[in-house]
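I have placed the structure first, in the form of structure tokens, so that the comments after it can refer back to it.
Numbering (the numbering used here), first residue to last: 296 to 407.
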């Protein structure tokens, strides 16, 4: 993988938000969940479609803090417009586990 500079890293806006709403997304090509994530008063609520059904049910996600890339362009996922990229890591089976802080932090905080 190519090395990047610190300035390159600073271009990626990764922030913490809190899931306010989550719904199954059966129309997606791969099983997914639609998320509405609150990033605080400066940014507001943004939507994301995430392929996280192996580890999460929509009702268990509400209130969870997650990390997301804020400055990718919106992406149409079927009939749903995904506005941020929620971040996760693959488990041993390749299923996504969401990334979030160890403890509560203010929503909208930028990773650094």
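Yeah, the Cβ is synthetic: ideal placement off N, Cα and C, and Gly gets one too.
Source: prediction; values computed, not measured.
For residue 353, the enclosing alpha helix (DSSP H) stretches over residues 353-356. Only residues of its own chain outside the window of five on either side were considered, and among them 330, 332, 356, 357, 359 have a CB closer than 6 Å to the CB of residue 314, listed in chain order. Scanning 302, 304, 312, 305 for the CA closest to the CA of residue 379 turns up 312. One Cα belongs to residue 322, the other to residue 373, and the distance between them is close to 7 Å. At least 7 Å separates the beta-carbon of residue 317 from that of residue 369. Scanning 344, 350, 376 for the CA closest to the CA of residue 385 turns up 350. Under a 10 Å Cβ-count criterion, residue 324 is classified as exposed, with fewer than 16 other Cβ atoms of the shown protein chains found around its own Cβ.
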